[in-house]
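A.B. asks: Residues 53 to 288 in this note's numbering are what the sequence shown spells out, letter by letter. Note that beta-carbon positions come from the ideal geometry of N, C-alpha and C, so glycine has one too. Fair warning: this is a prediction, and the values are worked out from it, not measured in the lab.
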Amino acid sequence: MLLEAENLRIAYRDIEAVHGASFHVEEGELVSIIGANGAGKTTILNALMGMTPVKEGAVRYRGLDITGLPSHKRAGMGIRIVPEGARVFPQLTVLENIMTGLYRLRKVTDVPSRLSWIYELFPVLDERSRQLAQTLSGGEQQQLAIARALVSKPRLLLVDEVSMGLMPILVEKVFEVLRYLNREEDLTILLVEQNALASLAISNRAYVLETGVITLEGEAQTLKSDPGVRKAYLGA
Ligand SMILES: Nc1ncnc2c1ncn2[C@@H]1O[C@H](COP(=O)(O)OP(=O)(O)O)[C@@H](O)[C@H]1O
Ligand SMILES: [Mg+2]
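(1) What residues come near ligand 1, if near means a beta carbon less than 5 Å from any of its heavy atoms?
(2) Hey, L233 and L242: beta-carbon distance below 8 Å or not?
(3) Would you call V163 buried or exposed, if buried means 16 or more other Cβ atoms sit within 10 Å of its Cβ?
(4) Can G92 and V77 be called in contact, C-beta distance under 8 Å?
(5) With respect to 7 Å, is the separation between the Cβ of E262 and the closest non-hydrogen atom of ligand 2 below this value?
(6) Per DSSP, what kind of secondary structure is I133 in: helix, strand or coil?
(7) Run through DSSP, which three-state label would L121 get?
(8) State the CB to CB distance for the pair S123 and G102, rounded to an integer number of angstroms; the pair is presumed to be in contact (CB under 8 Å).
(9) Compare the C-alpha of A248 against each of V265, A63, G264 and K283 and name the closest.
(10) With a Cβ-Cβ cutoff of 8 Å, do K107 and I62 count as a contact?
(11) Less than 8 Å between the CB atoms is what I'm expecting for L154 and V203, so what's the real figure, rounded?
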């Protein structure tokens, strides 16, 4: 098991947002947590990255208890996040943004080959490498946020609602890259998404999160045909 969350309770001051969530991600899997706006998806992902404290429960990564570990330590262990809304540095160029993904990594000797790998995945970033990130479209910023996480060659990629605000054609494209990274490059991915249809299409397994509680879990294909899921998330 690469990642295991056990009975996570996460609160903002005295208001609890996640009420005891348990889930796991096996090495090599692509897993989604799907849920409506406000369900607690970002809260969970930020807690996994160490950016939001956990009130109760445990997070284990490669068998180690990392519940209290700061973000940079988790990053050093190969966990990276693509945060909600991309959060690129607006005043840095595309290339500079990508390079921030290597911050604190010492022995990176193959920067050129990593960059050409990134530019193959996201050709638009190659074309715009000298442009300030603030001049990019929302979709391009999302691609940049993924690139910044990828350049460190993570073992586990956490992706927060990358489809938000993107045109359907672009959602498809970005999800296709995530699928490729998972299937062909053995990258383990945990997605949180409101876009159930797109995320179930590329996932092995998924969890349904409703106001801080995991109410359903299973194979993505099975969930896609679940009447409750279809009604609530697939508009059918
Ligand atoms: N910084 C915060 N302070 C207080 N409450 C918050 C904060 N961030 C999120 N919440 C609350 O926690 C709940 C879950 O939010 P969030 O994790 O952002 O959901 P999602 O990502 O699924 O849309 C919501 O009720 C939200 O209002
Ligand atoms: Mg969110």
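C.D. replies: According to the structure shown:
(1) Y64, A69, N89, G90, A91, G92, K93, T94 and T95
(2) no
(3) exposed
(4) no
(5) No; taking the cut-off as 7 Å, the Cβ of E262 has no heavy atom of ligand 2 nearer than that.
(6) strand
(7) coil
(8) Going by Cβ atoms, the distance from S123 to G102 rounds to 4 Å, so yes, they are a contact pair.
(9) Residue K283 holds the alpha-carbon nearest to the alpha-carbon of A248 among V265, A63, G264 and K283.
(10) In contact: K107 and I62 (Cβ atoms closer than 8 Å).
(11) Sure, about 6 Å apart at Cβ, within 8 Å.
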